[in-house]
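Heads up, the thing below is written out as structure tokens.
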Amino acid sequence: MDILRFITAGSVDDGKSTLIGRLLYDSKSIFQDQLEAIEKAGQVNGQINLALLTDGLKAEREQGITIDVAYKYFSTPKRKFIIADAPGHVQYTRNMVTGASNSDLAIILIDARKGVIEQTYRHSYIVSLLRIPYVVVCVNKMDLVDFSEEVFLNIQKQYLEFAKDLDLKSIHFLPISALNGDNVVDLSTSMPWWKEKSLLGFLEDIELHTEEESPAPRFPVQNVIRPQTAEYHDYRGYAGQIRSGHFTVGDSITVLPSGLKSKIKAIDTYAGSLKTAYAPMSVTIRLEDEIDVSRGDMLVISGEEPTTSQDLEAHICWMDQKVMTPGSKYLLRQTTNSVKASIRTLEYRVETSTHEKKEQANLGLNEIGKVTIRTAKPVAYDPYSKIRGTGSFILVDEGTNQTVAAGMLL
Amino acid sequence: MTDLHRLSHLDQLESEAIYILREVAAQFERPALLFSGGKDSICLVHLALKAFRPGKFPFPLVHIDTGHNFDEALKFRDDLAAKTGEKLVVRFVQDSIDQGKAVEEKGKFPSRNGIQAVTLLDTIAEFKFDACIGGARRDEEKARAKERIFSVRDEFGSWDPKLQRPELWNIYNGKIHVGENVRVFPISNWTELDVWEYIRKENIELPSLYFSHQREIVWREDLVFPVSKFISLDNSDKVETRTVRFRTVGDMTCTAAVESEANTIDDIIREIQVSRTTERGSRLDDKRSEAAMEDRKKGGYF
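Chains as they are written, first to last, in the UniProt record's numbering: chain R, 1 to 410; chain V, 1 to 302.
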């Protein structure tokens, strides 16, 4: 069994929380005591309010909206699912980016009565920017448009037209009614024209071969393990999680950014040593030579080095109330590395609903733009489009310690 | 992302948890692992072995002892500390009560669960812990489903669900001001079933409480409660002997048992797979109000 992590995106009242409630309910992943608790809280249209399963905060239940990402879990015999239920409001874009950053798939909900709206553009843009490999567009509330195939096909056409400019690799469409459960877990009898799978069937069957098959091996060092005991007197292991590719004992290694070279002597785990280890395994690597390696360094296979530079170009999503002004200094954190950085220029801001590039002096909360950054020390990285694990970063404000931006390197 | 399909869901979850534990070791000066003697924190200790051996843990195990624990859990705790050779710190809720900092609840179902936070915050201050690792899971409860893996608490130990930091990819931001601390939940993405399947796969030892045994019980609000010196019985209570086990282990005053014949991990997994109630359905402390957990967390509870 493997894991599929997905996010649900859509405007307020498009029925995201209801859809998740329906997935959990119809796949029998809701417990009796949870059901009794939401039944007590009242009904909507004569049915229990499934949205209450995900809106876990008092303020959310009071206002009937989702403020922050809720993570929900269910599994079928085929797969374990982790759902990031993200808010739809524009002012919570940063929370949607939070949920999207770890997702393999995005469900974009469209209200069948309204068709493609500004929020659909915005969410699709973020999904494309974060390079979520799979998109499933669920046309919801089909019960309110008489389950019309024509309405569904029109929305599909409208979406595909707009998605031409986006970098979405795989787009699927589904007509559903989350409230009634049509085509969510079970196929609907109300839409006999729909011959494909239900949403759950689709989520279960989708193959998770998302990035290139043999990506370059990358191993950011988290800690140095040095027990200094009699038994392990000379033990010096580099602990970390393999971000991409695989490493084998005997491989020639380059340490970045120093450029020092060695060979892999052993790959250790608590359960024993391995000959080969794959992403995303957490292991401890030992090298043949006593060279200087510490947290923030990256081990790569010699000949397959990433770019190392102090000048970076990136898309960033700004996440702080205080606007970003070029010239400001932040702490840039990429893999396990932390380095001081200064934003040199803001090249443009993207209007997420139209993809237009606009010139402006600074970047405000929830805005997305392209910047150039200068770092105090060289950073080893891959373009985000090649390897997400080494091409992503965050910016931290050293005054407030807040995470103020999500970045994707070009 | 890449090569994900090569690892099973348990291997992926394990790798993620080890990565998080190692981030704690790297990002904080004085972390602690909050150990309760329950299955989730026992898994955390096992994951720490995987993250740091052959080295020592970069943190002590810290137990906030309410004084209402099961003897089996306490013995298991001490044995585990001895076996791993890791440092164990125990602090007592009774001391907070004696010092007048915490006030014991009254009524028929008093619990020390709430005032545990007082002792925890004092312990954090005493040792200047800047990160506390806990075994909470997002599937346990709806307020927990909202919580980040690195959850920043202010100087009062309080959680503000509306002001959580964005948490992007697996880049965790543990930077805090003096006086603040971070609660870290490495097994956030595990479900109860994942924990049991992991215990089976890794052959992890557990206190005997989790397996079926005969015990004296009373019924309280449709829940099966263990008879102990910590609960007051009156004439309306009828003490019976039943075959039970515990699905979650907390205080004897707020942890209910379930009637069960499950004797082995396999039996338990089968039982959970068909269970129609959540794990925390047997915790009286969560049934107090719709937002019981959210309110406790705002008050400094972990």
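Don't be surprised by glycine CBs; every beta carbon is placed ideally from N, CA and C.
Subject >> In DSSP terms, what residue 34 of chain V is bridged to >> reply: V/62
Original post:
Is the beta carbon of residue 343 of chain R sitting closer than 8 Å to the one on residue 368 of chain R?
Top reply: no
Original post:
Would you call residue 18 of chain V buried or exposed, if buried means 16 or more other Cβ atoms sit within 10 Å of its Cβ?
Top reply: buried
Original post:
CB residue 255 of chain R to CB residue 267 of chain R, shorter than 8 Å?
Top reply: no
Subject >> Interface partners of residue 167 of chain V on chain R, CB under 7 Å >> reply: 98
Original post:
Does DSSP put residue 303 of chain V in a helix, in a strand, or in coil?
Top reply: Within the shown structure, residues of chain V are numbered from 1 to 302, placing residue 303 of chain V beyond reach of any answer.
Subject >> Residue from V/132, V/142, V/69 and V/169 whose Cα sits closest to the Cα of residue 152 of chain V >> reply: Considering only alpha carbons, the answer is V/132.
**OP:** Can you tell me which of the three DSSP states residue 246 of chain R falls into?
**Re:** strand
Subject >> Chain-ordered chain R contacts of residue 12 of chain V [CB-CB under 8 Å] >> reply: 2, 3 and 280
Subject >> residue 396 of chain R at chain V interface by Cβ criterion, 8 Å >> reply: yes
Original post:
Can a CB atom of chain R be found closer than 8 Å to the CB of residue 139 of chain V?
Top reply: yes
**OP:** Determine the contact status of residue 223 of chain V and residue 273 of chain V, defining contact as a CB-CB distance below 8 Å.
**Re:** no
**OP:** Taking only beta-carbon positions, decide if residue 188 of chain R is within less than 8 Å of chain A.
**Re:** Checking the listed chains, one finds no chain A in this structure; the protein chains it contains are R and V.
Subject >> Nonlocal neighbours in the same chain, by C-beta distance under 6 Å from residue 326 of chain R, ignoring five residues either side >> reply: 343, 345 and 346
Original post:
Are there 16 or more other CB atoms within 10 angstroms of the CB of residue 199 of chain V, so buried, or fewer, so exposed?
Top reply: buried
Original post:
Can you tell me whether DSSP reads residue 199 of chain V as helix, strand or coil?
Top reply: helix
**OP:** Give the straight-line distance between the Cα atoms of residue 205 of chain R and residue 181 of chain R, rounded to the nearest whole angstrom.
**Re:** 19 Å
Subject >> is_contact[residue 227 of chain R, chain V] using C-beta, thresh 8 Å >> reply: yes
**OP:** Could you tell me which chain R residues have their CB closer than 8 Å to the CB of residue 158 of chain V, listed as they occur along the chain?
**Re:** Those within 8 Å of residue 158 of chain V in chain R number zero; the least Cβ separation is about 15 Å.
Original post:
Counting only beta-carbon atoms, is residue 39 of chain V nearer than 8 Å to chain R?
Top reply: no
Subject >> According to DSSP, residues forming a beta bridge with residue 140 of chain R >> reply: DSSP lists R/111 as partners of residue 140 of chain R.
Original post:
How many Å lie between residue 402 of chain R and residue 95 of chain R at the Cα?
Top reply: 14 Å
Subject >> Sequence-distant residues of the same chain with beta carbon closer than 6 Å to residue 187 of chain R, five excluded per side >> reply: The answer, listed in chain order, is 198.
Original post:
Going by DSSP, which residues form a beta bridge with residue 341 of chain R?
Top reply: R/330 and R/375
Original post:
Using the rule of at least 16 other Cβ atoms within 10 Å of the residue's Cβ for burial, across every protein chain shown, is residue 178 of chain V buried or exposed?
Top reply: exposed
Subject >> For residue 9 of chain R, the first and last residue of its enclosing beta strand (DSSP E) >> reply: 2-9 is the extent of the beta strand (DSSP E) around residue 9 of chain R.
Original post:
Quick one: any contact between the region 166-178 of chain V and the region 71-82 of chain V, if contact means 3 or more CB pairs under 8 Å?
Top reply: no
**OP:** Identify which residue in V/67, V/247 and V/219 has its Cα closest to the Cα of residue 238 of chain V.
**Re:** V/219
Subject >> Chain-ordered residues of the region 18-35 of chain V with a beta carbon less than 8 Å from chain R >> reply: 18, 19, 22, 23, 25 and 26
Original post:
For residue 214 of chain V, does the three-state DSSP call read helix, strand or coil?
Top reply: strand
Subject >> C-beta contact flag for residue 127 of chain R and residue 137 of chain R at 8 Å >> reply: no
Subject >> Delimiting residues of the alpha helix (DSSP H) encompassing residue 168 of chain R >> reply: Judged by DSSP secondary structure, residue 168 of chain R falls outside any alpha helix (DSSP H); it is assigned neither H nor E.
Original post:
Which chain V residues sit within Cβ distance under 7 Å of residue 241 of chain R?
Top reply: 15 and 19
Original post:
Nearest to residue 251 of chain V by alpha carbon, out of V/64, V/123 and V/13?
Top reply: V/64
Subject >> Nearest-angstrom Cα separation, counted from residue 139 of chain V out to residue 231 of chain V >> reply: 29 Å
Original post:
Does the region 375-393 of chain R come within contact of the region 139-153 of chain R, defined as at least 3 CB pairs closer than 8 Å?
Top reply: no
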